[in-house]
Each structure stands twice: as structure tokens, then as C-alpha cells.
Ligand code: MG
């Protein structure tokens, strides 16, 4: 495979629709942000820009681009200011960015970002480890950020705010996370003005019944399904089963990472993001539209694996590109 190759010809899934599923799913591609921030190697800005352009060429329309975090916290994404202008103006593509605080929000808005995301935790232990705050202190920190994002919008120029919620199912220190605890934090994020919530299974321990229980509890608590996205990790091989449970419940936005970036099997920081190609194979097999060209996407992930110097952990990428493991 050479860098010039932009399409991997290969088999496509047989299409056999199933009842009770949406006709179309919006994939929220997180490889360039969640993926690369968890890779050991730091990728040059030019390569990131090419990666994002290739993802757009493959038909992805929501591509989370980077994080306006303090450069010392996440050196892999320290080039947000240099990267963001290089990916502007891609027709029909939204480019959300993570903004950890008011300073990050201001940097993002100054460059023209109109989709931003904040990152909260459902558990005290992770809030403490990740943000050195309690859950409520973290929420209090995000409240003015979300308010400021919303205050910067005009009637014909809206700012979309996504609220990430990590550790929605299990927590490495606390074990199983009580469903009512997750519902409480979700409602707080919506109350402060978030337009969408992404429910993260950060350590990949969820199983489909748990997904169903959380989604039902959220509905019962007044949170409608159309505001929810799911963010599954494949650490225990459950990401697609959990996705299917969410689709059956009516969820139509699914987070995934091209090539399974961020889930490098050889790195200690392996987080096991669901690979976009694995997701697309299942969705297309079910006759669900995504707008994604699987061959082009796979070629992009093979190219990026070459830049990172190791094979993609995605099963579908390996099968379609005949990568040796
Ligand atoms: Mg992730």
C-alpha cells in the first residue's frame, strides 16, 4: 500500500436490513482528536490536516479536529492554532473542537470554531484524576464556558455545544457507576445549555443491557434520545453490541475513531476506541446509510497507520487491507 492509494477495493458487507433500526446514522469521527491525543507518537500538523481532508473525502461530515487544551497537558494536540486554519472551508463538514475552559473557548472562537465540546465526568474519581475537581466543581467550571459559547452565537450563526460525559458505565476506581448518578450529570449538562451529550464508556466495560438501562433511565428522567450520542470503547469487544443496543433504542449519532486510533494494542495508554470502519461495516450491512465510502476510509487509516509506524487495530481495516498482524 502506498500513500498515493486512496481506495482499498475489497468486499462490501451483504445488506440484510433488520427491523427497529434508524435509516441513517451520523458518525461523529473522533480519530483526529480523541485518537491522536491517546497515541504515543506526535503527528506533524501537515499530516493531521491531510488526515482530516481525507476523512472528509471518505464522506465523514462531523470530524472532531483537535483540542484547545493547554499545550503542556496534551502535547499531541499542542498545534491546534496551526491546524485549525488549514482545515477550514471543507464543504458540508462540521469540525468540532474540545474546549476545556474559558481560555480554550476563546482561542477556538477566535479562529472561527462554531462547534465546541466540554468534557465532564460521571464519577468523582475520574473528575478528581482528570480535572482535580469534584463532579460538581467541574460542572461549575463548565457552566460559564457553555454560557459564553452560547452568548457568542447569532440567530444565523449558531454555536453547537456537545457535552462529553466519561465513565457512564464503569469506573476503574469505583466499579459499576449507578445509573441515577449518570442521569443527574446529564441533566446538569443539558440545563447549562449543551445541545448534545456523548455518553462515554471510557474503560469499555458496558454490555448491551446496561446501555438499554441507562438510555431508558435518561428518557424517564426527561432526557430525550435525540440529544444523545454514544461513545463506546472496544476494550472487551463489546462496542458494536453496545452500539446495536443504542440504535435499537433510537440513538442516531455514534462516535468512532478511524482505524481505531487511540486504541493502539502496543501502547499502555490503549483506550480501545470503536473503529469507524468496524462500525461502518455493521451499519452498511444493516442497510443503514452513513454517507461513508468504506474503501476510501480504510485507505486513509492504512495511510495513517504507516505514518504512526504500526498496524491499525481495526478488524475491518486489517481484513480489507490484508494487513499482517
Ligand atoms: Mg474515546
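In our numbering, the protein residues as written are 28 to 352. Virtual Cβ for every residue (Gly too), placed ideally from N, Cα, C. Predicted, not measured: the structure shown is a model, and the values here were computed from it.
Checking the 7 Å criterion, the Cβ of residue 145 is out of range of every heavy atom belonging to ligand 1. Spanning the alpha carbons of residue 108 and residue 134 requires a straight line of approximately 8 Å.
Remark: the shortest separation between the CB of residue 286 and any heavy atom of ligand 1 does not fall under 7 Å. Assignment of residue 78 by DSSP, reduced to helix, strand and coil, places it in the helix class. In the DSSP assignment, residue 122 falls outside any beta strand (DSSP E), carrying neither H nor E. Residue ranges of uninterrupted beta strand (DSSP E) with 3 or more members, entirely inside the stretch 33-112 and ordered along the chain, are 53-56. Along the length of the stretch 265-293, whole alpha helix (DSSP H) runs at least 4 residues long occupy 266-276, reported in chain order.
Looking at 37, 52, 176 and 146, the one whose alpha-carbon comes closest to that of residue 226 is 146. The Cβ atoms of residue 260 and residue 228 sit closer than 8 Å to each other. Counting every other CB atom within 10 Å of its CB across the protein chains shown gives residue 304 a total of 16 or more, marking it as buried. In this structure, the C-beta of residue 61 approaches ligand 1 to less than 7 Å from one of its heavy atoms. The alpha-carbon separation between residue 97 and residue 254 amounts to approximately 29 Å. Considering only 328, 348 and 338, the residue with the shortest C-alpha distance to residue 56 is 328.
Looking at the DSSP output, residue 255 bridges to 224.
Uninterrupted alpha helix (DSSP H) stretches at least 4 residues long and entirely within the stretch 301-337 occur at 303-312 and 321-335, given in chain order.
In this structure, the CA atom of residue 175 is about 23 Å from the CA atom of residue 105.
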